[in-house]
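Using the working numbering, read the sequence shown as starting at 47 and increasing by one per residue.
Ideal Cβ positions, reconstructed from N, Cα and C, are used throughout, including at glycine.
Small disclaimer: the values here were computed from a predicted structure and weren't measured.
First the structure, in the form of structure tokens, and then the observations on it.
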Amino acid sequence: MAKTSGTVDAVKEYLTDLVVPHHRCNVNIIPDHITMLHGTKSKKQLSRKRRAHKSNTLTRKQYAELGLNTLPRKQLRYEQMLPLHKLWRGYIREHLDLEEGDEVPQVHEKRYDEFSKQLVKMDLHGAKLRVLQSKCQTLVGLNGICVMDTKNVLKLLGEDHVVRTVPKSECVFGLNVGNMEFTIFGQHLTMRPAERSVKKIKNYVEPFM
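Written out as structure tokens, the structure reads:
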């Protein structure tokens with residue numbers, strides 16, 4: 047397409063500005079060597095660009111269809127998960143900034159609110175949990191190492207090597223870290239660990255009913 051003098055001058059000025067100041071006097075731009083391209087991209091070019099940016103990750107539906115949200119109920123061994131639990135103990139001490147001999151802060155202490163929020167945000171994979179209360183009485187007393195933490199359920203591997211699914215919203219859980227014992231209301235955990243870790247936790251927490 048034809049080049050207007052204004053466009054050519056703008057291009058020459060832009061190219062000149064890219065050169066270090068003391069060499070700009072030597073710049074010689076020949077207008078005939080400047081080619082201007084105008085017009086919008088074709089539909090083919092646009093569709094190719096969209097395809098290039100398409101995510102290669104699996105959708106949640108594909109994830110479920112491949113069975114990646116399931117675990118074999120009787121093929122895992124409790125002893126195999128003990129190294130995971132050991133890693134979790136190191137993680138939780140770092141996450142809660144705990145040192146040997148620390149105790150759970152009391153409600154009247156300044157750090158109680160922040161401590162309780164961080165407790166709710168923690169990742170439970172590898173934690174040893176037990177069901178203290180539940181709307182379903184058959185779940186009370188169940189315990190094991192958490193091998194899967196999803197939005198609505200926890201999967202616990204017991205010492206009998208059986209994986210059991212426990213609904214979060216129906217239960218109150220207990221866990222120990224050193225000499226500290228925590229009680230966690232499952233209804234405050236009803237989201238995926240990655241989402242829970244960045245969620246803003248309310249100061250007021252409704253009691254378990």
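| query | result |
| --- | --- |
| Inside the region 137-174 only - alpha helix (DSSP H) runs reaching at least 4 residues | 158-167 |
| Which residues DSSP lists as bridging Cys217, in chain order | Ser180 |
| 6 Å Cβ shell around Phe161 - same chain, five flanking residues per side excluded | Pro151 |
| Secondary structure of Asn189, DSSP reduced to three states | strand |
| Opening and closing residue of the beta strand (DSSP E) in which Glu265 lies | As displayed, the chain neither begins before 47 nor continues past 255, which places residue 265 out of reach and without an answer. |
| Straight-line Cα distance separating Gly113 from Lys107 | 10 Å |
| Residue(s) in a DSSP beta bridge with Leu235 | Paired residues: none, contrary to the question. |
| Option in Pro118, Met168, Cys182 with minimal Cα separation from Val244 | Met168 |
| Beta-ladder partner(s) of Met194, from DSSP | Lys201 |
| Whether Gly220 touches Arg157 by CB criterion (8 Å) | no |
| Leu203 and Val212 closer than 8 Å at C-beta | no |
| Three-way DSSP call (helix, strand, coil) for Asn72 in this model | helix |
| Own chain residues within Cβ distance below 8 Å of His131, not counting five before or after | Gly172, Ala173, Lys174, Ile191 |
| Contact set for Leu122: own chain, Cβ-Cβ below 8 Å, skip 5 residues either direction | Val193, Leu203, His207, Val209 |
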